[in-house]
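>
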Amino acid sequence: MKKFTKYLIVAAIACMATLSVHARTTVINAKAVKGDLTEYLRKAGQSANYKDTVVINFDKGTYTINGSVIFQGHLVMKGLGQQHTTVIFNKGNDRGNFKAFTDDCFIDVFGTLAHPLSVDISDISFQLQDHKGIWWKNSRNYLFKIRHCNSVNITRVKSYISNAVSTNFDLHVCSNVNITDCDIINYNNSEGGGCLWLRGEAHNVNIKRNKITKYGKDEAVAVFDRLVDHSKKYIRGKASRTDIFIEDNEFVYGGYQGKDMDPEATCDMVFSLFTDQSKSPDRCLTSNFHLRGNKFLINDICTRCMYIGFDPADEHEGIYIENNEIIHNPLDREDPFYYCDIEIHDLSASTDIIHINGNSLRNDQAIVNKFGTTGYAFVVMRGGHVSIADNKIVNNVTRFPKTGKTYGIELVWCKSDGNNNDVTLTGNVCKGLDCIAHLGAWQLADKITLNASNNYFAGNTRVFCDQIKNLNLDFTGNTFNSQNKAFFLDGFAQKGTVVFNSNEVTVNQGSGQFMTRNSGTSSGRIDKLEIQNNVFKGVLNE
């Protein structure tokens, strides 16, 4: 009998141990919660472990969450539609019309490297509480901080932030991410924060069919950092980012109509992909990245629309910026600034080509730099290998109100603070140019290679060269419709080659000059000069 009893006790202990590791699901109907909803959710989040799931159902109505709620288990949040279910985030104390947050974020899904979690949010609206003042500058906050999740689904969600140093969604080391059909708005009023940030290790990311609206500093959408572990500390290492698709979204920069609109607000960039802009020896691999089919509406001062950057230790393969539409609406501000649609800052040793293909641009903004010349470039390069193909660029050469002058676009500006610049132009249609290429800058560039074939260039069709050691140009089969008598080379390098074959050139003003030199020294040497089978129209004594 004792032996039998002993077996029963052992069996009971084993059964209890088995039950204790079973995953639990806690379902909460927010409307039925009596008392403080925030405290109720905190208790549910803290009592869950990495195997458990908390499901929060929100019926029609408006709900308020005051302060941070941490979930250490899987999280599901469901509403009945953006128009019917709203959650307001509110925290802090008014002090003389200033609102100060003391918490880092509102919803913190806290997975770990060993035990990643999942998040599923759908059919709901989140907004930050309106307030009278500004947020304190040292209180950088997030509506959602999502750490170490191997499944993130955010669908049909609206998120609104106004006049706050805050980011809507901040994801750390997350994979299998699907953010679709959302409306994400961030008017940070020239302080800091963005709409959607993905930090560190990330795989299988799909950001599709969203409307993303931004005004103020920092990126609307950013993929960045070499973060590999945020379980206890912010640990960087050898990270990788693979299979990332950002497609069919509408990005809107500007348009904030609030009375507290900051006249100093400028956007650093609307979208960015980079590591951490350091000389870290840890490699970050980016593979199969696609930014395509998106629409960018630029309605205010912005320094970059898209930015792609790689550090010296980084590797990359399969980087595509394709079939995007960029529209610059007229500005009512006359601030001098520099702007580019796409900046490539590649300091890595990778020879893989970055593709900029099939994009369309319509510009109605007069962008003037502090020197009184054009401040606008379609592509700025600071090192790397880039193919620019089949893009359609229409610059309406808007007249700048202050001076009455018109300004064009630089198709490519290769700066000198990167590695060797290797550019190929193929099949592009470009109207309203200030120059085809601005090669070099204030520091001496080591080597620049520019090959162009089957393009249509209209406007000022010069290739402006300055501060270059070695330059190799090959223009074959292009059409030039020049509004300037100097239709091609302006300056040259210390040495290099020039091939200009089978092009059709029409000069509309002046006698036409193949090469002129308005700046720099006269010490340049062309090692190879080949000019043949071209057709010149309007060129005197061709």
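Numbering of the sequence shown is given in my numbering, commencing with residue -12 and proceeding in unit increments.
Cβ coordinates follow ideal geometry from the N, Cα and C atoms, glycine included.
Computed from a predicted model, the values in this text were never measured in an experiment.
(1) So, helix, strand or coil for T413, using DSSP?
(2) Could you compute how far the alpha carbon of D269 sits from the alpha carbon of I285?
(3) Can you tell me the Cβ-Cβ gap for V355 and Y394, rounded? I've got them flagged as a contact below 8 Å.
(4) When you compare the segment 129 to 145 with the segment 253 to 273, are there three or more beta-carbon pairs, one atom per stretch, that lie closer than 8 Å?
(5) Short of 6 Å in beta carbon distance, which residues of its chain neighbour E312, apart from the five on each side in sequence? Order them along the chain.
(6) Count the other C-beta atoms from every protein chain shown that fall within 10 angstroms of the C-beta of G98, then say buried if there are 16 or more, exposed otherwise.
(7) With respect to the beta strand (DSSP E) encompassing R512, which residues constitute its N-terminal and C-terminal limits?
(8) Return helix, strand or coil for A445, following the three-state DSSP convention.
(9) Over the uninterrupted beta strand (DSSP E) stretch that includes E330, give me the two end residues.
(10) Quick check: what's the CA-CA separation for S105 versus I111?
(11) Using alpha carbons as the reference points, say which of N53, E517, V192 lies closest to N140.
(12) When DSSP builds the beta bridges, which residues end up paired with M64?
(13) Measuring alpha carbon to alpha carbon, tell me which of G32, K434, L24, S440 ends up nearest T12.
(14) Just curious, the beta strand (DSSP E) that T25 is in, first and last residue?
(15) Measuring CA to CA, which of I171, P317, S274, H190 is closest to N236?
(16) Compare the Cα-Cα distances from N378 to each of I94, A353, H342, K38 and report the closest residue.
(17) Which runs of the beta strand (DSSP E) spanning at least 3 residues fall entirely within the segment 253 to 325, listed in chain order?
(18) Restricting to Cα atoms, I'd like to know which of E517, T463, D339, F156 is closest to T484.
(19) The beta strand (DSSP E) that contains Y240, what's its start and end?
(20) Is it the case that the segment 218 to 229 contacts the segment 195 to 209, given that we only count it when at least three CB pairs across the two stretches are under 8 Å?
(21) For a quick check, are the C-beta atoms of Q470 and N447 less than 8 Å apart?
(22) Taking contact to mean at least 3 C-beta pairs separated by less than 8 Å, is the segment 412 to 424 in contact with the segment 448 to 460?
(23) Are S279 and Y307 close, meaning C-beta to C-beta below 8 Å?
(24) If we ignore side chains and look at the alpha-carbon of each, how far apart do T508 and N407 end up?
(25) On the DSSP letters alone, give me the boundaries of the beta strand (DSSP E) that I231 sits inside.
(26) Note down, in chain order, each residue of its chain lying with its Cβ closer than 7 Å to the Cβ of S162, except the 5 sequence neighbours on either side.
(27) Please classify A424: does DSSP put it in a helix, a strand, or coil?
(28) Relative to the alpha-carbon of R213, which residue among V257, Q264, N176 has its alpha-carbon at the smallest distance?
(29) Per DSSP, what kind of secondary structure is K418 in: helix, strand or coil?
(30) Looking at the structure shown, is A17 part of a helix, part of a strand, or coil, going by DSSP?
In this structure, then:
(1) Reduced to three states, the DSSP call for T413 is strand.
(2) The C-alpha of D269 lies about 36 Å from the C-alpha of I285.
(3) Going by Cβ atoms, the distance from V355 to Y394 rounds to 6 Å, so yes, they are a contact pair.
(4) Under the 8 Å Cβ criterion, the segment 129 to 145 does not count as touching the segment 253 to 273, having fewer than three qualifying pairs.
(5) Taken in chain order, the residues that qualify are K282, S347.
(6) With 16 or more neighbouring CB atoms inside 10 Å of its own CB, G98 falls in the buried class.
(7) Where R512 is concerned, the enclosing beta strand (DSSP E) stretches over 512 to 519.
(8) Assignment of A445 by DSSP, reduced to helix, strand and coil, places it in the strand class.
(9) First-last of the beta strand (DSSP E) with E330: 326 to 333.
(10) When rounded, the distance between both Cα atoms is 18 Å.
(11) The shortest Cα separation from N140 among N53, E517, V192 belongs to V192.
(12) I43, I108.
(13) When each option's Cα is compared against that of T12, the closest is G32.
(14) Per DSSP, T25 belongs to no beta strand (DSSP E); it is in the alpha helix (DSSP H), 24 to 34.
(15) Among I171, P317, S274, H190, the Cα nearest to that of N236 belongs to I171.
(16) Ranking I94, A353, H342, K38 by Cα distance to N378 puts H342 first.
(17) With a minimum length of 3 residues, the continuous beta strand (DSSP E) runs that stay inside the segment 253 to 325 are 258 to 260, 271 to 279, 282 to 285, 291 to 297, 302 to 309, 312 to 315.
(18) It is E517.
(19) DSSP places Y240 in the uninterrupted beta strand (DSSP E) bounded by 237 to 240.
(20) Output reads no: the segment 218 to 229 does not touch the segment 195 to 209.
(21) For the 8 Å CB-CB criterion, Q470 and N447 form a contact.
(22) Touching, yes, given that three or more Cβ pairs across the two stretches are closer than 8 Å.
(23) Looking at the sequence provided, one finds Arg at residue 279 rather than Ser. The Cβ-Cβ distance between R279 and Y307 falls below 8 Å.
(24) At T508, the pLDDT of 49 sits below 50, so the modelled position is not reliable; the number obtained from the coordinates is stated separately. The straight-line gap separating the alpha-carbon atoms of T508 and N407 is approximately 22 Å.
(25) Taken as a continuous stretch (DSSP letters only), the beta strand (DSSP E) holding I231 covers 226 to 234.
(26) So the qualifying residues of the chain are N137, A189, H190, N191.
(27) DSSP, reduced to helix, strand and coil, places A424 within a strand of the structure shown.
(28) The candidate whose alpha carbon is nearest that of R213 is Q264.
(29) Judged by DSSP in its simplified three-state form, K418 adopts strand.
(30) It is helical.
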